[in-house]
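Residue numbers (full-length UniProt numbering), protein chains in the order written: chain S, 1 to 744; chain F, 1 to 744.
The C-beta atom is built at its ideal place from N, Cα and C for all residues, glycine as well.
The next block holds one structure in the form of structure tokens; read it before the comments.
Protein chains: 2
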Amino acid sequence: MAASSSLTVSQALVGRTIAHHGSTTHPDRLALPGFSLSSLSGRVLKSSSSQASRVAGSRKRVSSRPSVRAAAVETLDKTETSLVEKSINTIRFLAIDAVEKANSGHPGLPMGCAPMGHILYDEVMRYNPKNPYWFNRDRFVLSAGHGCMLQYALLHLAGYDSVLEEDLKSFRQWGSRSPGHPENFETPGIEVTTGPLGQGIGNAVGLALAEKHLAARYNKPDSEIVDHYTYCILGDGCQMEGISNEVCSLAGHWGLGKLIAFYDDNHISIDGDTEIAFTETVETRFEGLGWHVIWVKNGNTGYDEIRAAIKEAKAVKDKPTLIKVTTTIGFGSPNKANSYSVHGSALGAKEVDATRKNLGWPFEPFHVPEDVKKHWGRHVPEGTVLEAEWNAKFAEYEKKYKEEAAELKSLISGEFPAGWEKALPTYTPESPADATRNLSQQCLNALAKVLPGLIGGSADLASSNMTLLKMFGDFQKDTPEERNVRFGVREHGMGAICNGIALHSPGLLPYCATFFVFTDYMRAAIRISALCEAGVIYVMTHDSIGLGEDGPTHQPIEHLASFRAMPNILMLRPADGTETAGAYKVAVLNRKRPSILALSRQKLPQLPGTSIEGVAKGGYIVSDNSSGNKPDAILIGTGSELEIAAKAADELRKEGKAIRVVSFVSWELFDDQSDAYKESVLPEAVSARVSIEAGSTFGWAKIVGSKGKAIGIDRFGASAPAGTIYKEFGLTAEAVIAAVKALC
Amino acid sequence: MAASSSLTVSQALVGRTIAHHGSTTHPDRLALPGFSLSSLSGRVLKSSSSQASRVAGSRKRVSSRPSVRAAAVETLDKTETSLVEKSINTIRFLAIDAVEKANSGHPGLPMGCAPMGHILYDEVMRYNPKNPYWFNRDRFVLSAGHGCMLQYALLHLAGYDSVLEEDLKSFRQWGSRSPGHPENFETPGIEVTTGPLGQGIGNAVGLALAEKHLAARYNKPDSEIVDHYTYCILGDGCQMEGISNEVCSLAGHWGLGKLIAFYDDNHISIDGDTEIAFTETVETRFEGLGWHVIWVKNGNTGYDEIRAAIKEAKAVKDKPTLIKVTTTIGFGSPNKANSYSVHGSALGAKEVDATRKNLGWPFEPFHVPEDVKKHWGRHVPEGTVLEAEWNAKFAEYEKKYKEEAAELKSLISGEFPAGWEKALPTYTPESPADATRNLSQQCLNALAKVLPGLIGGSADLASSNMTLLKMFGDFQKDTPEERNVRFGVREHGMGAICNGIALHSPGLLPYCATFFVFTDYMRAAIRISALCEAGVIYVMTHDSIGLGEDGPTHQPIEHLASFRAMPNILMLRPADGTETAGAYKVAVLNRKRPSILALSRQKLPQLPGTSIEGVAKGGYIVSDNSSGNKPDAILIGTGSELEIAAKAADELRKEGKAIRVVSFVSWELFDDQSDAYKESVLPEAVSARVSIEAGSTFGWAKIVGSKGKAIGIDRFGASAPAGTIYKEFGLTAEAVIAAVKALC
């Protein structure tokens, strides 16, 4: 009885009433013992400090710093608090025990953040443990991903099948579902992949953007069919990373009111007290970024402060909220709390014992007390109810708004309309020469008409990257239904936000753009795309020295090679309009493998022989005057250099040679082909192979073989008109011809 | 006369008196016509607004935004102002004309920032045009590097030999000294290489750190031998980039009082009005970061506001200052000012004419009016005097402080003490097994004793990267003489700051550290190191799946390949203590080529056959039982996998095979060797080659040949104990042996 009362009090406190979320009252919910909203009205809540006296390692400067705005405090009675504390300590000890068993991991954060974790998953968030992919669930992101045992403990208590007791016991072991950092592709219930600091808050901004966008497009005055929150916990490390400032600046700009971020202010990072490197006033910075800021001074035992802060955050609808929660890292450990030593190592048997004593925890490792288990047990039935209610609501919606419902369904399921690829533009050799960045824009605009989930933009280079969707306006605070996202000069944040959008719903298809060389700014986010299977489309223009005068700081050299070496990326470098369309087809189809399209600034002719089908195979024959799969030489080009290869072939053929020209638009796709196909394109017997690409030759030896020749650029670029640089760097048909003549 | 008075007024206004900088009065200075400090005292200065009425495209919200602190205004009389305006317009038109001639470039920023540029280079900064490398010069960084014509115009007017009229006329052309973005290696007088946004302010923080550090180490109560300022102009783009928040947070933390940054608040970025993506309150953010903030509301014609702001900034000694200068991009262009169109394109002949009319500029392209020329002419003699004064001061210093002077001299010249490399630790096969990250720390600590310029630290992973110099404390606001730099979790900013340190003085030897995988966060800065020839040492630990349980987000795979493809980088992966020492020797010697050391988390044995000399050659034979340069097979390993190759060789030799083991510690160094040497290590006739490396196999085909076998990892890693992952991924001696047997 007490436990359930506690629950409902909390629900009331944080404004999580059924009416608030717009769903109808459901009989199953009322069947929960002791559930009664009305019984809470006017109730006097008492102070709770039973645990405070036992706290080791209290923070020094908590009271001396000025508060932005202290959270208003209401409190529960002692019995209710007692179970909450027990639940919180369960979370702490599951983390302690798992790290101890693995002898590896990060117990400090889970011990400090257990109160906010408990309140979020037990009292605030709406989710269905039996369907981690239920569309309208609240999203949670642990940006401080090293503290993943917090999340595993919470998913375990909440009843997710992905984190059973055996998973907790196999934390950080080969083949387990509880890896060392949260990985969405391993553990259903984990929304995104975090660990590299600052990425998670970027993902969270993307998730919140997606919610705001879909709500604006699909909600109706009589039905808020899209309505959920995004919660995030970030630590000092996330705060220091530049990416977090980028995405939080955007979140403030966009007014993402349903994004609520908890800043775990524990004042400890790996090198010790954050005083040694991090003395900025985070609250002031966030106010500058346009956030609502609340400070919970006692995040260790001030449960009601946390609850009140969430309530306040929800009431602020036009701004994201940062709740700075001052906690003690490793709370409860008498000798290691509030120190670096509890951050990233097991406590050790002795300190585990001391912590058990200190927190009054008599249980065996991995034990979940019966009353805690019972208390959390309601989330499975409740979640089923929540989803069923939403499904019923959707059925109503579908009746009234057939088209919108169908479109939203496709976004939820990820099923694209049949024949969408027919919308892609087609080109013939007679089509005018054009830069592939312009042809890319034609593709994007064609796709936007048939793919309702296509949304994206550029890092302040829309007019250079050619990424504007002409039929749509800008996604902005007051026009969130639009689809052109203006990321500003924030490449890294852009990538992380797109990962969040992609992982929000399978049918959302984010694209983003900058100059190819500036993938260096966002490489960490692109790698996460590849790892977490987010099919983001990276539109990367100005893909070589062909950009000309801007010079070596702007000219990519090693970038193609660097992405070809990255797992699970599709690196595509189309040569003309047909190949650009082909690249987009590949990119759209690969929802679990991000695509990078390297596109030219300069005009390129539409080449005979290129094909959409060819692009899908990665490497294919564009032209050939040989027979019997025995050309004298094979010329291999990508992107803007395919034209040069074709020109060289023309000349060589005039001289009687049998020349094959191969477009090598995507190495990864070619790798995926059968050996027979590979042999049909690059027969082993033909060793006279010359490649040409305006980039590093690194890696090309595999394609041209030890007897072949790779023409490329193994130095930095230069500032001059593009044609001059090509000539000076020897990227010419003449050079290809000379290389072929030297080989055969 | 009037011109010179104007100069001295300005000098007085900004507090740039000779006494202030601690130098003695010099007769040459007094010989300048009309120079008299005393004549200025009590002078009444009048308002200057002669140009304001002609301004096109005025800013809208200038007056409606609340000021942080408006700069106090004192004004010059009209005659003086007139020449200043003429000089400012000269700068504008040199930029306009150069961009017009090149038909490429960015006129908007130079037109808007010409006033602050003029005041800095003509009135405030201390430099010697005839020796751009004079140690005690003030440093200037154009973080908004696209506006480089501003700087070229200023260097030209100031009398630098690197920017003659012919250079302005060959702007952005092949082989010119005025490339499309500022490049220190092309143009003496340019301090750092900028263009990629946000890097420059990071460099500036590094330059200011270096000054503060050297001043603390070498200044004496009777001699401020190190005493200069760092100025920086950054734009909206720089402000949006996360890296700028990282470095500015550190600058505030360190209290870099001699760093003065101008924020060119022109409200226009490439995609249009910054309102579409950038509505944060920058001033508030910087206050949160611990900066002093001033707002100059009229950066177009409010010269005295700018001067007063600089004066105020100099008076604040314990904080860096951000001077937000509200300007009009493309100031003076009647139809294009305050619009995107003037940002990155030539104005066009018609608009150039209109601008000439609008600003009352009757001159031919590239013309510098005689009075302007004469006015600026004093900087050459003055600069000579400044340097001579400093040299005299140094001579005095040297007499009193012999040791300090010698050390400082070595930092200025970049000459290391003879035999420094003897300090490197030595190892034998009997030395205990250890992780190369620990061996790296032994090297760093040994080098710190003999290299006075070694300074650096980690991005909050000092205890994991093993980078602490035990004999030194932390470089902090109040202990700037120390050499352990605490960067916090700010990898990108760390790299840019180290570039600034490296380029401050040839003898400064910055190193920085994080996990190897997080080079992704700082790749843009590392690329700039390579391009701008900053010999930063990147200490990158946890260099493979060998880090174990932290899992795929933390395990580098493609990183070795990605840096091997980057120009001018030395990517080193030592296998044991001897090779680690060898890698440090290479890194220290290569002052114009940054080194990345990939180091293991796990213990590795000291291998027989490794050598410091071998490392210098990049690839070398570690063991061999063949004769006549004809082994049956060659096993090639790097870093932690060299041990596996050696073990496999032992087994194969037992079976009677002639096996050579090659350590391939640095591909770039091996590439630099003679063909004869290469043949002696990897004879062409031996095609049975097997490589093993715990990373992507991308690129290895070049080394092992089309018949060889590269054992590596072409997928993401996994969370598990390291030994398990190695086994599961097939990185074992057994796999090497099997591969060899399949080949021979």
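inquiry  = Once DSSP output is grouped into helix, strand and coil, what is the label at F394(F)?
reply    = Position 394 of the second sequence, counted from the first residue, corresponds to residue 394(F). Helix.
request  = Establish whether the CB of F262(F) and some CB of chain S are separated by less than 8 Å.
outcome  = In the second sequence, counting from the first residue as 1, residue 262(F) sits at position 262. Judged by the 8 Å Cβ criterion, F262(F) is not in contact with chain S.
query = Does the segment 478-495 of chain F come close enough to the segment 207-218 of chain F to have 3 or more Cβ pairs within less than 8 Å?
reply = yes
key: Simplified DSSP state of H367(S), which is helix, strand or coil   = Position 367 of the first sequence holds residue 367(S). Three-state result, H367(S): coil.
inquiry  = Any beta carbon from chain F within less than 8 Å of S440(S)'s own beta carbon?
reply    = As a position in the first sequence, residue 440(S) is number 440, starting the count at 1. With 8 Å as the cut-off, S440(S) does not count as an interface residue toward chain F.
task = Mind checking who A513(S) pairs with in its DSSP beta bridge?
result = Taking the first sequence and counting its residues from 1, the one referred to as residue 513(S) is at position 513. S458(S), V539(S).
request  = Output, in sequence order along the chain, the residues in the segment 686-711 of chain F whose CB is closer than 7 Å to any CB in chain S.
outcome  = S696, F698, G699, A701, K702, G705, S706
key: Buried versus exposed, by CB contacts within 10 Å (16 or more), T326(F)   = On the second sequence, residue 326(F) is found 326 positions in, with the first residue counted as 1. So T326(F) ends up on the buried side.
CB-CB length for E407(F) against P334(F), believed under 8 Å = Here the question's residue 407(F) lines up with position 407 in the second sequence. Here the question's residue 334(F) lines up with position 334 in the second sequence. About 57 Å separates the two Cβ atoms, so there is no contact after all.
task = Answer yes or no: do residue 746(F) and E533(F) have a C-beta to C-beta separation smaller than 8 Å?
result = With chain F covering only 1 through 744, there is no way to say anything about residue 746(F).
key: Beta carbon proximity, S67(S) to chain F, threshold 8 Å   = Sequence index remark: in the first sequence, residue 67(S) carries index 67 (1-based). Confidence at S67(S) is low in this model, with a pLDDT of 41, below 50, so the placement of that residue should be treated as unreliable; the coordinate-derived value is given next. At a cut-off of 8 Å between beta-carbon atoms, S67(S) makes no contact with chain F.
query = CA-CA distance, S458(S) and N203(S)?
reply = Taking the first residue of the first sequence as 1, we reach residue 458(S) at position 458. Taking the first residue of the first sequence as 1, we reach residue 203(S) at position 203. Cα to Cα, the separation comes out at about 17 Å.
Assigned secondary structure, C744(S) (DSSP; H/G/I helix, E/B strand, else coil) = Counting from one through the first sequence, the residue named residue 744(S) turns up at place 744. In the structure shown, C744(S) sits in coil (DSSP, three-state: anything other than H, G, I, E or B).
query = Between the beta-carbon of L411(F) and the beta-carbon of R126(F), is there less than 8 Å?
reply = Along the second sequence, read from residue 1 onward, the residue named residue 411(F) stands at position 411. Along the second sequence, read from residue 1 onward, the residue named residue 126(F) stands at position 126. Not a contact, by the Cβ cut-off of 8 Å.
task = Tell me whether V296(S) sits in a helix, a strand or coil according to DSSP, three-state version.
result = Position 296 of the first sequence, counting from 1, holds the residue named residue 296(S). Looking at V296(S) - three-state DSSP - the assignment turns out to be strand.
ask   = Of all Cβ atoms in chain S, is any one closer than 8 Å to the Cβ of E287(F)?
value = Position 287 of the second sequence, counting from 1, holds the residue named residue 287(F). Yes - at least one Cβ of chain S is within 8 Å of the one on E287(F).
message = Restricting to Cα atoms, I'd like to know which of L120(F), A346(F), D460(F), L589(F) is closest to A418(F).
response = Reading the second sequence from its first residue, position 418 is the one you call residue 418(F). The option with the nearest alpha carbon to A418(F) is L589(F).
Classification of A685(S) by the beta-carbon crowding that lies within 10 angstroms, buried from 16 upward = In the first sequence, the residue the question calls residue 685(S) occupies position 685. With fewer than 16 other CB atoms across the displayed protein chains lying within 10 angstroms of its CB, A685(S) is exposed.
ask   = If we count Cβ pairs, one from each stretch, closer than 8 Å, do we get three or more for the segment 600-616 of chain F versus the segment 422-438 of chain F?
value = yes
message = So the candidates are S463(S), R486(S), S464(S); which of them puts its Cα closest to the Cα of D474(S)?
response = Numbered from its first residue, the first sequence carries residue 474(S) at position 474. Taking only the C-alpha atoms, the option nearest D474(S) is R486(S).
ask   = Which residues in the same chain have their Cβ closer than 7 Å to the Cβ of K422(S), if we skip the five residues on either side of it in sequence?
value = Residue numbering aside, residue 422(S) sits at position 422 when the first sequence is read from its first letter. Answer for K422(S): no residue qualifies.
task = Taking C-beta pairs closer than 7 Å, name the residues in chain F that E489(S) reaches, listed in chain order.
result = As a first step, residue 489(S) is located in the first sequence; it is residue number 489 there, counting from the start. Inspection of the sequence shows that residue 489(S) is occupied by Val rather than by Glu. Near V489(S) (Cβ distances below 7 Å), the residues of chain F are L197, G237, M240, E241, S269.
inquiry  = So the candidates are I323(F), A722(F), T580(F), M540(F); which of them puts its Cα closest to the Cα of D520(F)?
reply    = As a first step, residue 520(F) is located in the second sequence; it is residue number 520 there, counting from the start. Nearest of I323(F), A722(F), T580(F), M540(F) to D520(F), Cα basis: M540(F).
request  = Report back the beta-carbon spacing between N568(S) and A530(S) to the nearest angstrom; my notes put them in contact at under 8 Å.
outcome  = Here the question's residue 568(S) lines up with position 568 in the first sequence. Here the question's residue 530(S) lines up with position 530 in the first sequence. Between A530(S) and N568(S) the Cβ distance is about 4 Å, and since that is below 8 Å, they are a contact.
query = How many Å lie between I711(S) and G618(F) at the Cα?
reply = Start at 1 with the first residue of the first sequence, and residue 711(S) comes out as number 711. Start at 1 with the first residue of the second sequence, and residue 618(F) comes out as number 618. If I take the Cα positions, the gap works out to 24 Å.
message = I'd like to know whether the C-beta of H181(F) is nearer than 8 Å to at least one C-beta of chain S.
response = Position 181 of the second sequence, counting from 1, holds the residue named residue 181(F). At least one chain S Cβ lies under 8 Å of H181(F).
request  = Would you mind stating whether L424(F) and A388(F) have Cβ atoms separated by less than 8 Å?
outcome  = Stepping through the second sequence from its first residue, residue 424(F) is reached at position 424. Stepping through the second sequence from its first residue, residue 388(F) is reached at position 388. No, the pair does not count as a contact, with Cβ atoms beyond the cut-off.
query = Taking three-plus beta-carbon pairs below 8 Å as touching, is the segment 549-566 of chain S in contact with the segment 692-699 of chain S?
reply = yes
ask   = Taking DSSP as the reference, what is the three-state secondary structure of L424(F)?
value = Counting from one through the second sequence, the residue named residue 424(F) turns up at place 424. For L424(F), the secondary structure class from DSSP, reduced to helix, strand or coil, is coil.
query = Does the segment 659-666 of chain S touch the segment 573-592 of chain S, meaning 3 or more C-beta pairs lie closer than 8 Å?
reply = yes
request  = Mark S36(F) as exposed unless 16 or more other C-beta atoms lie within 10 angstroms of its C-beta, in which case mark it buried.
outcome  = Stepping through the second sequence from its first residue, residue 36(F) is reached at position 36. Annotation note: pLDDT 31 at S36(F) (below 50); position unreliable, no value reported.
ask   = Bridge partners of S666(F), per DSSP?
value = The sequence position of residue 666(F) within the second sequence is 666, counting from 1. S666(F) pairs with nothing; no bridge assigned.
key: Distance CB(M466(F))-CB(S440(F)) smaller than 8 Å   = Counted from its first residue, the second sequence places residue 466(F) at position 466. Counted from its first residue, the second sequence places residue 440(F) at position 440. Between M466(F) and S440(F), the CB-CB gap stays under 8 Å.
Contacts around G159(F), its chain only, beta-carbon distance under 6 Å, and the 5 residues preceding and following it disregarded = To locate residue 159(F), count along the second sequence from 1; it is residue 159. Result list for G159(F): P129, H379, V380, in chain order.
message = In whole angstroms, give me the CA-to-CA distance for F516(S) and I537(S).
response = Reading the first sequence from its first residue, position 516 is the one you call residue 516(S). Reading the first sequence from its first residue, position 537 is the one you call residue 537(S). Approximately 13 Å, taken between the alpha carbons.
request  = Would you mind giving the Cβ-Cβ distance between G105(S) and A98(S), rounded to the nearest angstrom? I have them listed as a contact below 8 Å.
outcome  = As a first step, residue 105(S) must be located in the first sequence, where it is residue number 105. As a first step, residue 98(S) must be located in the first sequence, where it is residue number 98. The pair is a contact, with the Cβ atoms about 7 Å apart (cut-off 8 Å).
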